[in-house]
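In what follows, a single structure is set out as structure tokens and then discussed.
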Ligand code: SAM
Ligand code: SF4
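In my numbering, the protein residues as written are 48 to 404.
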């Protein structure tokens, strides 16, 4: 490929998957300690000087847009502990070619930041809340903060984020009895509750398959209580593979979309939920995302064992082209899938908080 031919280059891997979605971790720090993500205490954080500056992140995204990146999501660690995050949102929103900016947050600092984030151009917000019962919240997060999350959710509503999407990691033996209350919440408010299967990305390597509350089990419980659920094709329902476009491709029960969540609505029309079956029904075949860690490394998969350090280029006067080439090479090396369901699977060294979920 002609290296000057920047505008026609795309982030396409060897399986034909086109990548347009960059998830950016802005920090590995967090104000709570979810057991499936972080150690309870004595967390070793990255040295502050290793964190990319807003200007460095902006540059990476700008270069990414020349390769087809048009959506970004800010995450962490807890992104709202990074001071003045709205300044970064505003910078990213101003980049030509960026059509969507999302944020995943635990909601604890949202009440005070919701308005400025919205004003800065944040379009989508996912708030993580694994339990509606404060006691279970405390068990999961090993910290206080439940009331502040609720206040954050209300603030998000008040400033106009709609629908409100909640992410709830489901863990056997811990959150089963939260499924029905979450179902009720989804039916009675404009909240979309997305249940996420517990993935092997915890810091203490406590993950075991039998702790995963599978999506089909969650669905069965909801249907037993509220009646049938039917799959909804998400608005972004077109899978673009290099050289081919397939609309509404059905993979088993999963209406395949780029979104990891399969959304459902209750047959009586009241309420919407999502199931993220990352373990039982991996969506690797339609994955369109890659990641930038807070310390400037590209990861082509959550479960990858390899990373590409681009901080070295960002901090050494390197040309944009070198960074573009690093992105292209990272995507070219992407594996077919995460292999959690095989004996070959090895949990990555970096836990979720350090990768950026
Ligand atoms: N701190 C923010 C939050 O919790 O929303 C953003 C970062 S967090 C790592 C992003 C998402 O990953 C959250 O929804 C969290 O629940 C989810 N997550 C973290 N560890 C996980 C695991 N081991 N399995 C499944 N989901 C996980
Ligand atoms: Fe913090 Fe989010 Fe990890 Fe929970 S999931 S410890 S809120 S980074």
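Just so it is clear, CB atoms sit at the ideal spot from N, CA and C, and this is done for glycine as well.
Keep in mind that this is a model prediction, so the values were computed, not measured.
### Query
Between residue 274 and residue 200, what straight-line distance do the alpha-carbon atoms span, to the nearest angstrom?
In a straight line, the C-alpha of residue 274 is about 27 Å away from that of residue 200.
### Query
Is it true that the region 105-118 meets the region 146-154, where meeting means three or more beta-carbon pairs spaced less than 8 Å apart?
Counting Cβ pairs under 8 Å, three or more are found: they touch.
#### Entry: Unbroken alpha helix (DSSP H) run spanning residue 111, endpoints
Start and end: 101-112.
### Message
Could you check whether the region 352-370 touches the region 229-248, counting it as contact only if at least three pairs of C-beta atoms, one from each stretch, sit closer than 8 Å?
### Response
Contact fails: fewer than three Cβ-Cβ distances are below 8 Å.
### Query
Would you say residue 118 reaches chain C, if we count a Cβ-Cβ gap shorter than 8 Å as a contact?
In the displayed structure, chain C is absent; only one protein chain is listed.
### Query
Quick one, are the C-beta atoms of residue 240 and residue 320 less than 8 Å apart?
In this structure, residue 240 lies near residue 320, with their beta-carbon atoms less than 8 Å apart.
### Task
Sort 242, 197, 172 and 377 by Cα distance to residue 308 and report the nearest one.
Checking every option, the nearest Cα to that of residue 308 belongs to 242.
### Alpha carbon of residue 170 to alpha carbon of residue 152, nearest angstrom
So the two alpha carbons sit approximately 14 Å from each other.
### Query
Which runs of the alpha helix (DSSP H), 4 residues or longer, sit entirely within the region 186-236?
Fully contained in the region 186-236 are the following alpha helix (DSSP H) runs of length 4 or more, in chain order: 193-205 and 226-235.
#### Entry: Which listed residue (311, 191, 343 and 222) has its alpha carbon closest to that of residue 276
When only C-alpha atoms are compared, the closest one is 311.
### Message
Pull the bridge partners of residue 173 from the DSSP assignment, please.
### Response
As computed with DSSP, residue 173 is found in a beta bridge with 151 and 212.
### Query
Going by the beta-carbon positions, is the gap between residue 167 and residue 137 smaller than 8 Å?
Yes. Within cutoff.
#### Entry: Nearest candidate by alpha-carbon position, reference residue 96, set 81, 83, 233 and 75
Nearest option by C-alpha distance: 75.
### Query
Taking the C-alpha atoms as reference points, what is the distance between residue 61 and residue 379?
Their Cα atoms are separated by approximately 6 Å.
### Task
Using alpha carbons as the reference points, say which of 180, 268, 198 and 235 lies closest to residue 221.
Considering only alpha carbons, the answer is 180.
### Query
For the ligand SAM, any of its heavy atoms closer than 7 Å to the Cβ of residue 434?
The shown model of the chain, from 48 to 404, leaves out residue 434, and the question about it has no answer.
### Task
Apply the 10 Å Cβ neighbour rule to residue 395 and answer buried if 16 or more other Cβ atoms are within range, or exposed otherwise.
Counting Cβ neighbours within 10 Å, residue 395 comes out buried, since at least 16 surround it.
### Message
Is the beta carbon of residue 183 closer than 8 Å to that of residue 225?
### Response
A contact, by the Cβ cut-off of 8 Å.
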